[in-house]
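A short worksheet on the structure shown next.
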Amino acid sequence: MSLSHFTGLSPMRFSTKTASGFFLPLVAACLVCLLPAPSLADDVSRENMPNEAELAFLVGESEVIDPNDPNAMGDAHFYGRTVPQDYQEAMKWYRKGADEGNAEAQLNLGVMYRNGFGVEADNATAMIWYQQAADQNHVGAQYAVAAMHHYGKGTPQDFTKAVTWYRKAADQGFAEAQFVLGFMHSHGQGVDQDFEESVRWYTQAAEQGESKSQNNLGLIYETGRGVLQNYQKAVKWYKKAAEQGNPKPQNNLGVMYGKARGVPQNFVEAHKWLNLAASRLAPGGNYERAKFNRDRLERQMTPAEIAEAQQLAQQWRPNSN
67 MSLSHFTGLS PMRFSTKTAS GFFLPLVAAC LVCLLPAPSL ADDVSRENMP NEAELAFLVG
127 ESEVIDPNDP NAMGDAHFYG RTVPQDYQEA MKWYRKGADE GNAEAQLNLG VMYRNGFGVE
187 ADNATAMIWY QQAADQNHVG AQYAVAAMHH YGKGTPQDFT KAVTWYRKAA DQGFAEAQFV
247 LGFMHSHGQG VDQDFEESVR WYTQAAEQGE SKSQNNLGLI YETGRGVLQN YQKAVKWYKK
307 AAEQGNPKPQ NNLGVMYGKA RGVPQNFVEA HKWLNLAASR LAPGGNYERA KFNRDRLERQ
367 MTPAEIAEAQ QLAQQWRPNS N
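In my numbering, the protein residues as written are 67 to 387.
Here's what the structure looks like:
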């Protein structure tokens with residue numbers, strides 16, 4: 067079973083304005099009218115942070131439906147493979163496997179209780195089953211236990227215990243746990259603040275293609291916290307994350323192109339990435355940041371450049387790396 071968590075993107079909101087609407091009085095006619103160099107508070111808003119959505123695991127699907135495997139039968143009923151979809155029937159099979167000591171079934175039973183699939187949602191009971199699977203060294207369950215401690219679901223909030231269980235999962239190579247450990251070391255949650263340790267965990271996750279870690283690693287290299295400042299490395303990691311569709315690094319990469327940090331200045335590329343970020347961020351501060359950056363950049367672009375950037379944004383498709 068592979069684990070994933072719910073993610074959501076806001077509706078696309080591409081800029082389709084022409085350049086003629088942006089030749090305003092030359093009050094703001096300066097070298098590059100992007101935002102000024104970010105403050106520490108700005109840095110926080112530009113990084114990816116853990117959130118409670120990480121607890122909303124989806125049940126993984128067994129590759130083979132084995133009638134002798136309660137967990138596989140639970141998956142079949144959960145997804146409606148060869149049998150009608152029935153969460154309550156899935157619950158019966160997962161519970162059978164869990165009672166027999168099957169760690170995968172114990173995790174899945176916890177997922178059912180956590181999300182209220184086929185049963186009334188119950189975080190405390192979910193935590194019991196997560197813990198049983200985690201005690202068997204199931205990496206996904208270790209991550210789930212850590213997250214429950216992190217957010218105080220089904221158990222009192224305890225950052226120290228969260229770190230302990232995230233580290234168990236991270237040591238097994240679980241990229242999401244490595245990302246959260248990087249964040250917690252950076253912010254001193256459950257551990258002493260340690261930027262070098264943060265970089266170590268972010269790097270391990272980033273090298274596995276985890277986009278939030280890639281973005282945060284880019285921000286660390288851009289600002290020089292815990293490492294020597296290196297704009298080229300910042301751009302490298304921003305680009306890897308941006309190409310996966312993560313809107314925060316898309317904004318950050320756009321700013322780097324606009325300010326010629328680590329790359330030659332390129333307003334078309336800058337606009338493309340800022341436009342993509344603005345189209346994907348939910349309304350609020352981060353969306354306003356990307357939109358503001360994009361709209362101010364347009365004042366220095368020709369109509370042809372804006373049209374090219376808009377076309378590139380519309381043609382863009384995410385990659386995995």
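From the three backbone atoms N, C-alpha and C, an ideal C-beta is built for every residue, glycine too. Every value quoted in this text rests on a predicted model; they were computed, and no experiment measured them.
Taking buried to mean at least 16 other C-beta atoms within 10 Å of its own C-beta, is residue i buried or exposed?
i, result
"residue 354", "exposed"
"residue 283", "buried"
"residue 141", "buried"
"residue 190", "exposed"
"residue 370", "exposed"
"residue 389", "Nothing can be reported for residue 389: it is not among the residues displayed for the chain, which extend from 67 to 387."
"residue 381", "exposed"
"residue 425", "Lying outside 67 to 387, the shown extent of the chain, residue 425 is not represented and no answer is given."
"residue 262", "exposed"
"residue 254", "exposed"
"residue 376", "buried"
"residue 146", "exposed"
"residue 148", "exposed"
"residue 317", "buried"
"residue 346", "buried"
"residue 223", "exposed"
State yes or no: is the beta carbon of residue i nearer than 7 angstroms to at least one beta carbon in chain C?
i, result
"residue 165", "Among the chains in the structure shown there is no chain C, since it carries only a single protein chain."
I'd like the list of long-range same chain contacts for residue i, defined as Cβ closer than 6 angstroms, with 5 residues on each side in sequence excluded.
i, result
"residue 207", "173, 196, 199 and 200"
"residue 307", "277, 280, 281 and 315"
"residue 238", "205"
"residue 232", "212, 243, 246 and 247"
"residue 139", "159"
"residue 216", "228"
What residues in its chain sit with their C-beta under 8 angstroms from that of residue i, if we drop five residues either side in the sequence?
i, result
"residue 351", "111"
"residue 99", "Confidence at residue 99 is low in this model, with a pLDDT of 35, below 50, so its placement is unreliable and no value can be given for it."
"residue 193", "176, 211, 214, 219, 220 and 221"
What is the DSSP secondary structure of residue i, counted as helix, strand or coil?
i, result
"residue 266", "helix"
"residue 173", "helix"
"residue 234", "helix"
"residue 347", "coil"
"residue 364", "helix"
"residue 194", "helix"
"residue 240", "coil"
"residue 221", "coil"
"residue 282", "helix"
"residue 272", "helix"
"residue 303", "helix"
"residue 115", "coil"
"residue 378", "helix"
"residue 205", "helix"
"residue 370", "helix"
"residue 212", "helix"
"residue 246", "helix"
"residue 104", "Low per-residue confidence applies at residue 104: pLDDT is 39, beneath 50, and the placement is therefore not dependable, though the value from the model is reported in the following sentence. Three-state DSSP puts residue 104 in coil, outside helix and strand."
"residue 384", "coil"
"residue 229", "helix"
Taking the alpha-carbon of residue i as reference, which of the options has the nearest alpha-carbon?
i, options, result
"residue 244", "367, 115, 332 and 140", "115"
"residue 157", "171, 150 and 147", "171"
"residue 292", "252, 212, 213 and 233", "252"
"residue 327", "345, 135 and 304", "304"
"residue 187", "154, 202 and 162", "154"
"residue 374", "143, 264 and 341", "341"
"residue 343", "325, 273, 319 and 332", "319"
"residue 309", "260, 335 and 166", "335"
"residue 166", "241, 383, 338 and 137", "137"
"residue 368", "333, 359, 299 and 268", "333"
"residue 168", "148, 185, 178 and 135", "135"
"residue 274", "241, 250 and 148", "241"
"residue 359", "269, 337 and 203", "337"
Could you pull out every residue in the same chain whose Cβ sits closer than 7 angstroms to the Cβ of residue i, ignoring the five residues on either side in sequence?
i, result
"residue 329", "301, 322 and 323"
"residue 272", "279, 280, 283 and 303"
"residue 299", "287"
Ignoring anything shorter than 4 residues or poking outside the region 306-359, list the alpha helix (DSSP H) runs there in chain order. Correct list: 313-325 and 333-346.
What runs of the alpha helix (DSSP H), each 4 residues or longer, lie entirely inside the region 136-184? Qualifying alpha helix (DSSP H) stretches, in chain order: 136-145, 153-165 and 169-181.
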